[in-house]
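Taking it in order: structure first as structure tokens, then the write-up.
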Ligand code: FES
Ligand SMILES: [Fe+2]
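Residue numbers (our numbering): 518 to 886.
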């Protein structure tokens, strides 16, 4: 039996971090980045500056000015460049220093900060934080259909792999009183899973219905999510689980509600755009871990399903000791996730080629109700 390769620590230079950096990851919601604004972001234990140029193009560059290391995000955006607050050095979107007010012309040519390829897709800003040329940005035609696209995000105080390990069986317990149960998703499923060219497919049979979810390597799920209201039906969701550092991660979710025309207008009137309630949920969740009951606190959050998941995933500990897990046949998907990761990390460690994950032109997810 080989020692388990570490798949939870993703900082620079770690094996899992090197693996994760071969993929694009969402880092921010488009709607939260107005033109001309800059924010500090932390992804996989590394700091960056995210800003949107006045032209509307998002950019990700290094966290600090090359001059005397001031945090660049406290400066300001000019055109598609960002200017440091301290002495005004200015960097373009490629990280090249283009102006140094107090210096001779020519010095700037030799000065730069790191920059990273950036794209905007499905209401999210994606960055490629790895080395070399980025791969194609994976598309989700399932979410490009007509309808109302909503983008949700939350931060959670545990390792991203706690979420990667989340299985279909948890729904019957964690969410037994929730909008998911109200929409008919009740009972323990008979679970199965199978590796595919994109990762694996996960199925849960309850009576005559089969729930189908897809996991796309390394950290993406595609599935159906319960209706926000009776008139709109089940939504399609693509979700990314992105490490902030080893003990925190952020989920980004693009949801498509299948309503068009007047129905879409009335959907928008009934449902305000999603708000990030992470601070509140983190506080309530800590209270539950300290002895409070979910049912006594749940009225305080508009996001019951996120709250329930937050309690169960943070209650595993920020980085659970998985060597102590006691897995049974119903944990097939957990075992498969870990087996795929072990295989890929081993290949990376030994310098062998990694699996080139590809997806079919159409994936079908099923509600299971
Ligand atoms: S520290 Fe940025 S210009 Fe001096
Ligand atoms: Fe859940």
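The C-beta atom is built at its ideal place from N, Cα and C for all residues, glycine as well. All values derive from a computational prediction rather than experimental measurement.
Cβ neighbour criterion (16 or more within 10 Å) applied to residue i
i: residue 544; result: buried
i: residue 843; result: exposed
i: residue 878; result: exposed
i: residue 591; result: exposed
i: residue 563; result: buried
i: residue 609; result: buried
i: residue 708; result: buried
i: residue 777; result: exposed
i: residue 730; result: buried
i: residue 566; result: buried
i: residue 841; result: exposed
i: residue 676; result: buried
i: residue 518; result: Note on residue 518: pLDDT 48, under 50, position unreliable in the model; no value is reported.
i: residue 699; result: exposed
i: residue 649; result: exposed
i: residue 531; result: buried
i: residue 792; result: exposed
i: residue 834; result: exposed
i: residue 653; result: exposed
i: residue 806; result: exposed
i: residue 870; result: exposed
Selected residue, minimal CA-CA separation from residue i, among the options
i: residue 552; options: 625, 792, 599; result: 599
i: residue 831; options: 762, 803, 847, 820; result: 803
i: residue 580; options: 573, 542, 646; result: 646
i: residue 681; options: 634, 651, 873, 733; result: 733
i: residue 726; options: 884, 529, 852, 738; result: 884
i: residue 824; options: 797, 718, 739; result: 797
i: residue 670; options: 523, 872, 631, 760; result: 760
i: residue 881; options: 770, 659, 690, 849; result: 659
i: residue 624; options: 631, 606, 636, 640; result: 606
i: residue 641; options: 767, 872, 801; result: 767
Practice task
Count the CB pairs spanning the stretch 707 to 725 and the stretch 851 to 864 that are closer than 8 Å, and state whether there are at least three.
Solution key: They touch, by the three-pair rule.
Exercise for the section: Please list, following the chain, all residues that have a C-beta closer than 6 Å to any non-hydrogen atom of ligand 1. Expected result: Taken from the N-terminal end onward, the list reads 582, 584, 585, 587, 601, 603, 604, 605, 606.
Exercise for the section: Would you list the residues whose beta-carbon is nearer than 7 Å to any heavy atom of ligand 2, in the order they occur in the chain? Expected result: Look at which beta carbons fall closer than 7 Å to any heavy atom of ligand 2; those residues are 683, 687, 688, 691, 692, 822, 825, 826.
Practice task
Report yes or no: do the stretch 657 to 670 and the stretch 774 to 793 share at least 3 C-beta pairs separated by less than 8 Å?
Solution key: Yes: at least three Cβ pairs fall under 8 Å.
Handout entry: Touch test, the stretch 737 to 744 against the stretch 687 to 701, Cβ-Cβ under 8 Å, three pairs minimum
Key = As far as the Cβ criterion goes, the stretch 737 to 744 touches the stretch 687 to 701, which means the pair count is three or higher.
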